[in-house]
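Enquirer: Dropping a structure here in structure tokens format, bear with me for questions.
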Ligand code: ADE
């Protein structure tokens with residue numbers, strides 16, 4: 001998979017790709033991540049990429065020309081399955097969306113800033129708009145990092161044990177059951193006996209039941225879906 005990220009702050013979004021699972025996925029060649037500094041596509045002598053809003057109003061708007069130049073250059077080089085815009089008014093990211101995006105070949109992610117992008121960028125180039133939640137961030141970069149993490153960990157071979165992604169919370173609309181490691185007793189708090197029983201059928205049944213109970217108390221909305 002190849003991910004091209006278009007941003008005015010490439011330094012802000014680099015570090016999540018330089019540690020742990022994402023770093024290893026890139027080193028193994030399972031995913032390529034390329035950052036594009038939008039200012040490199042500005043024809044303005046000050047390298048501006050934004051301008052005042054027509055009709056008045058507070059806040060600058062990201063101009064169509066540099067974004068168009070960057071996306072068109074990338075699209076001339078290869079086909080993209082999706083051109084994604086990170087925005088609080090997009091579709092809210094969930095596990096199902098991460099699953100389907102992880103199956104794609106090439107995607108572009110555009111990070112918004114200031115008041116957002118000129119509507120013509122959305123009309124002409126964007127195929128999918130994604131929000132990471134009902135709150136407003138200073139820009140799309142942190143959202144893009146969250147999106148990339150959720151996608152990349154699902155690419156086969158990225159996690160050492162593929163089943164560990166399949167048993168994540170949300171994969172079957174259930175939250176994960178509680179997990180324990182040694183010691184078997186800590187300050188009087190014991191690990192449930194069933195987990196020490198060696199009876200894998202019983203353990204599986206317990207986990208399913210706990211996942212259901214956990215979901216029912218914390219996220220009953222997931223059970224209704
Ligand atoms: N940019 C600003 N806020 C955002 C959000 N909640 N999700 C995605 N991109 C954003």
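In full-length UniProt numbering, the protein residues as written are 1 to 225.
Virtual Cβ for every residue (Gly too), placed ideally from N, Cα, C.
Remember, predicted model here, so these are calculated numbers, not experimental data.
1. Are there 16 or more other CB atoms within 10 angstroms of the CB of residue 85, so buried, or fewer, so exposed?
2. How big is the Cα-Cα spacing for residue 225 and residue 27?
3. Is residue 228 a contact residue of ligand 1, with contact defined as CB to any heavy atom under 6 angstroms?
4. Kindly provide the ranges of any beta strand (DSSP E) runs that are 3 or more residues long and lie completely inside the stretch 94 to 130, ordered along the chain.
5. Got a sec: does ligand 1 put a non-hydrogen atom nearer than 6 angstroms to the Cβ of residue 243?
6. Using CA coordinates, which residue listed in 136, 189, 104, 14 is at the minimum distance from residue 230?
7. Taking 6 angstroms as the cut-off, is the CB of residue 87 close to at least one heavy atom of ligand 1?
8. Would you call the stretch 205 to 213 in contact with the stretch 161 to 177, where contact means no fewer than 3 C-beta pairs closer than 8 angstroms?
9. How big is the Cα-Cα spacing for residue 143 and residue 7?
10. DSSP state of residue 79, grouped into three classes?
Expert: This is what the structure holds:
1. For the purposes of this step, residue 85 is taken as the residue at position 85 of the chain shown. By the 10 Å Cβ count, residue 85 comes out buried.
2. In the chain shown, the residue the question calls residue 225 occupies position 225. In the chain shown, the residue the question calls residue 27 occupies position 27. Whole-angstrom Cα-Cα distance: 38 angstroms.
3. The requested residue 228 does not occur in the structure, where the chain is confined to residues 1 to 225.
4. 106 to 111
5. Residue 243 lies beyond the stretch modelled for the chain, which goes from 1 to 225, so this question has no answer here.
6. Any property of residue 230 remains undetermined from this structure, which presents the chain solely from 1 to 225.
7. Stepping through the chain shown from its first residue, residue 87 is reached at position 87. Yes, Cβ of residue 87 sits closer than 6 angstroms to a heavy atom of ligand 1.
8. yes
9. Taking the chain shown and counting its residues from 1, one reaches residue 143 at position 143. Taking the chain shown and counting its residues from 1, one reaches residue 7 at position 7. Their backbone Cα atoms lie some 12 angstroms apart in a straight line.
10. Here residue 79 refers to the residue found at position 79 of the chain shown. Looking at residue 79 - three-state DSSP - the assignment turns out to be coil, as it is neither helix nor strand.
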